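The structure appears below as structure tokens.
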Amino acid sequence: MDGVRVGKRIIGAQAPVTIGWENIPRVEGGPVKQFIFTWFQPTMLFALILFWYYAPNS
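Just so you know, we're using our numbering here: the sequence shown kicks off at -15 and counts up by one.
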């Protein structure tokens, strides 16, 4: 598989490149692990970013 030349580098020639959401596998494991990595972790990350953005400076 030939890669894409970007300047002096060739991107994607040595390793497969994941393009798009359909190529990302589902979370493997039990129901607790699936819940944490599917809902809890992204929600808490989003909440942390919102808190950081809207929290008062003082």
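Using N, Cα and C, we set each Cβ at its ideal position, and we do this for glycine too. Computed from a predicted structure; not experimentally measured.
Helix, strand or coil for residue i? Go by DSSP, reduced to three states.
| i | result |
| --- | --- |
| Val16 | helix |
| Ile33 | helix |
In whole angstroms, what separates the C-alpha of residue i from that of residue j?
| i | j | result |
| --- | --- | --- |
| Arg(-11) | Ser42 | 48 Å |
| Gln25 | Pro9 | 17 Å |
| Trp23 | Gly13 | 14 Å |
| Pro40 | Ile20 | 29 Å |
| Trp36 | Gln(-2) | 39 Å |
| Pro15 | Ala31 | 23 Å |
Indicate whether residue i and residue j have their beta-carbon atoms separated by less than 8 Å.
| i | j | result |
| --- | --- | --- |
| Ile(-6) | Gly(-13) | yes |
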